[in-house]
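All residue numbers for the sequence shown refer to this note's numbering, where the first residue is 1 and numbers rise by one. Think of the CB as a built atom: it goes at the ideal place given N, C-alpha and C, for glycine as much as any other residue. A short write-up of the structure that comes next.
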Amino acid sequence: MTLITRTLVELRAKDPLNKKRLLKVVDACNTFSNKTRIKYIFDGQQYSTYSSNRDILQAWDQMEKQYGSEGPAFILTTDKDHALFAFGPREDPYGFYNEDAIEFSFIVDKPLLKPDGYFSFVELKEFFIATINSYEAYCAYIHDNQLEELIVSGFTAENMKAQLPRELWEHIPTPELAAHIPADIIARISKLITPEKFDRLSIPEAIYWFNYWNEFQVENLGEEKVKTAPCEVVEKQKNGGYILIVQKENFRADNIDQMEKMAKVYDHFNLYEIQDRFRFDK
1 MTLITRTLVE
11 LRAKDPLNKK
21 RLLKVVDACN
31 TFSNKTRIKY
41 IFDGQQYSTY
51 SSNRDILQAW
61 DQMEKQYGSE
71 GPAFILTTDK
81 DHALFAFGPR
91 EDPYGFYNED
101 AIEFSFIVDK
111 PLLKPDGYFS
121 FVELKEFFIA
131 TINSYEAYCA
141 YIHDNQLEEL
151 IVSGFTAENM
161 KAQLPRELWE
171 HIPTPELAAH
181 IPADIIARIS
191 KLITPEKFDR
201 LSIPEAIYWF
211 NYWNEFQVEN
221 LGEEKVKTAP
231 CEVVEKQKNG
241 GYILIVQKEN
251 FRADNIDQME
261 KMAKVYDHFN
271 LYEIQDRFRF
281 DK
């Protein structure tokens, strides 16, 4: 059985104050509901009980002194054995990106939304917005590993084809799921520039199930284009950014109808063309 991992990622510009912003996200988790309450800190070796934000800063500083930027991930979690999610700063040890990020990795045994999952649609949307506002994110998204693999495999394959003779194309690796999804859908959702080649704080790297773009990304995409996106939810926020949610039910990358719905959103925006304007080598 293929495990499906679901992840919430939020990005913003590098800033010494981002540690304090992460603590605001912790506060948002703790006040949102009991199931999102942070209870443990994992420092790479052991769990300790979380009782205050001072505990988080002390453990985080100690890990940075001990391991530097290439050590184990610093993790906060809702439980030791059956956590709804693990949460913490997303590391970039090789310095590919001029940004900071936080990441929530959700438990894999169930989908996110009820009736089989943990949140109602309204709860998940409100949690998404609460954490974005607390971190003051430039952009954010919720995706799963299957959709991510299809997106990455598509633009990786195109890059490899440009470098390899045609007789070697059959050896380019593809995810198992790609055999069950029409090739034209994969081509449409993967017509993107690799994220390290452009400023993804100015333009989204991709489109996922849940998306948030701040007012500057919206301006670069075109607000009218954003407002008319073929998503079930398109909502302007008080800060000028927009929430776009492709559908109100759990998203499955192995569902061809849902993937076609996602592909239509990609068709609407043509991200490749916009990303190309923000390439670092231009």
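DSSP lists 6 as the beta-bridge partner residues of residue 144. Residue environment for residue 256: exposed (fewer than 16 other C-beta atoms within 10 angstroms of its C-beta).
Setting aside the 5 residues that flank it on each side, residue 147 is surrounded in the same chain by 253, each with a C-beta closer than 6 Å to its C-beta; the list follows chain order.
Annotation: the continuous beta strand (DSSP E) that includes residue 105 extends over 99-106.
Between residue 186 and residue 154, the CB-CB gap stays under 8 Å. Between the region 174-182 and the region 108-117, the count of C-beta pairs closer than 8 Å stays below three; the two stretches do not touch. In the three-state scheme derived from DSSP, where H, G and I count as helix and E and B as strand, residue 178 is classed as helix. In the three-state scheme derived from DSSP, where H, G and I count as helix and E and B as strand, residue 18 is classed as helix. Apart from sequence neighbours up to five positions away, the residues of its chain that approach residue 220 with a beta-carbon distance below 7 Å are 202, 203 and 274, ordered along the chain. The three-state reading of DSSP puts residue 260 in helix, counting H, G and I together.
Annotation: the continuous alpha helix (DSSP H) that includes residue 132 extends over 121-135. Rounded to the nearest angstrom, the gap between the Cα atoms of residue 244 and residue 225 is 12 Å. Taking residue 26 as the centre and dropping the five residues before and after it, the same chain places the C-beta of 38, 53, 56 and 76 closer than 7 Å to its C-beta, in chain order. Of the residues 234, 150, 281 and 135, the one whose Cα lies closest to the Cα of residue 28 is 135. Nearest C-alpha to residue 242 among 161, 138, 175 and 190: 138. When the Cα atoms are used, residue 278 and residue 200 turn out to be separated by approximately 8 Å. The residue among 160, 163 and 149 with its C-alpha nearest the C-alpha of residue 5 is 149.
By the C-beta criterion, the region 156-164 is judged not to be in contact with the region 111-124, since fewer than 3 inter-stretch pairs fall below 8 Å. For residue 279, the pairing in a beta bridge is given by DSSP as 198. Residue 154 carries a helical assignment under DSSP once its states are collapsed to helix, strand and coil. Under the DSSP assignment, residue 67 falls in the alpha helix (DSSP H) whose first and last residues are 53-67.
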